[in-house]
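A quick write-up on the structure given underneath.
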Amino acid sequence: MFPTTRGTRDVYGETLAELGHQDPKLVVLTADLAGSTKTGTFAAEHPDRFYNMGVAEANMIGTAAGFALSGFRPFVSTFAVFATGKVWEQIRQVVAYPKTPVRIVATHAGLTVGEDGASHQMLEDIATMRVLPNMSVIVPADAVEAAGAIRFAASYDEGPVYVRLARAPFPVIHAEDHEYRFGKAEVLAQGSDVTLAACGLMVSVALEAREALAADGISVEVVNVSTIKPLDRDTLLDSARKTGLVVTAEEHQITNGLGSAVCELLSEESPTPVVRVGVDDRFGQSGDADALLAHYGLDVAGLITATKQALTKRQG
């Protein structure tokens, strides 16, 4: 269905390097993972504004906060498990609490870290970042949207931003001229029976599932919720009221991620049945990325099954 795949972390490195030529205040910090996070692309073109902090993530966050308070625009990058877990206290105290405009861009999030296993498959980062006051949370649906999100983050000085990227490449669903709009969910396909609200790589899975469900006479509306905080209340409420049923899909724990955010909104504003598709109170495990998605029900077949079960439950 999608002819092109591309890594969000790859386009991150390319976009950073491009922005470095436009903004002399942009600096990049990493914790000994320039190759894996692709920040090495920026380092090659702007070595005087690149800082390898070593395996010292807490120091990296503190240094980035210092850069931001001194008028620079810092990006910090490492694996998601380190970027949001190992240094949560530092993020809370010197970034979120004082509303310091640090851009935290984490790669290697979710199950698709693959063979690195449960210790590195961060499935709780959306939860730990969205709970922090002043923190914005973005999960791009593809490489094109990732580039747009990075450009937005570079220009955003109102507070900190967390951008969640992947290790593995996944389908490109947007045209190259797509404009990322912060805080706006995107209705990618209209439908009347059920809303599939997804983020990250699960957006392309939702689009594929929609095609298969259409063959069974089920009309699916697909919504790309790439900005999880602040949540686009109006778009989600409009879609839920139209279809009367919502299925959320995320490569994350179903607790306190996208699904929980949608449930919170709908329960307060327009009570609607919601089924959350994601990892259900389990850790990951080592394996091939696609095999892991299938095992945890996050492939096309799993999303189709969950959607049909949701429809049956509503009708019953």
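Quick note on numbering: the sequence shown equals residues 3 to 318 in this note's numbering. In this text, a Cβ means the ideal position worked out from N, Cα and C, and glycines have one as well.
With a 10 Å radius around its C-beta and 16 neighbouring C-beta atoms as the bar for buried, classify residue i as buried or exposed.
i, result
"H23", "exposed"
"A187", "buried"
"V57", "exposed"
"K315", "exposed"
"R243", "exposed"
"S269", "exposed"
"Q255", "buried"
Residue i by DSSP, collapsed to three states: which one?
i, result
"L18", "helix"
"S272", "coil"
"K244", "helix"
"S1", "Here the chain covers residues 3 to 318 and nothing more, so residue 1 does not appear."
"A46", "helix"
"K231", "strand"
"L239", "helix"
"T32", "strand"
"T331", "The shown model of the chain, from 3 to 318, leaves out residue 331, and the question about it has no answer."
"V277", "strand"
"V249", "strand"
"L190", "strand"
"Q287", "coil"
"H180", "coil"
Keeping to the same chain, check which residues put their C-beta closer than 6 angstroms to that of residue i; ignore five residues upstream and five downstream.
i, result
"S221", "G193, S194 and D195"
"M124", "A82, V83 and A111"
Spatial neighbours of residue i within its chain, please: C-beta separation below 8 angstroms, excluding the five flanking residues on both sides.
i, result
"T257", "A129 and D283"
"H176", "A143, D144, V146 and E147"
"V133", "N258"
"R235", "L267 and E271"
Assuming residue i and residue j form a contact by the criterion Cβ under 8 angstroms, report the distance between their Cβ atoms to the nearest whole angstrom.
i, j, result
"A108", "A85", "4 angstroms"
"G42", "A36", "4 angstroms"
"F77", "R105", "5 angstroms"
"A170", "G116", "7 angstroms"
"V205", "Y164", "Their Cβ separation, rounded to whole angstroms, is 18 angstroms, which puts V205 and Y164 out of contact at 8 angstroms."
Skipping 5 residues on each side, what residues in its chain have a beta carbon closer than 7 angstroms to that of residue i?
i, result
"E16", "T43"
"T245", "G193, S194, D195, V196, T197 and E223"
Problem - Within the stretch 197 to 228, ranges of the alpha helix (DSSP H) (whole runs, at least 4 residues) - result: 204 to 216
Exercise for the section: List in chain order: all unbroken alpha helix (DSSP H) runs of 4+ residues lying wholly within the stretch 93 to 169. Expected result: 127 to 132 and 145 to 157
Practice task
Please go through the stretch 58 to 87 and give each complete alpha helix (DSSP H) segment of 4 or more residues, from N-terminal end onward.
Solution key: 59 to 71
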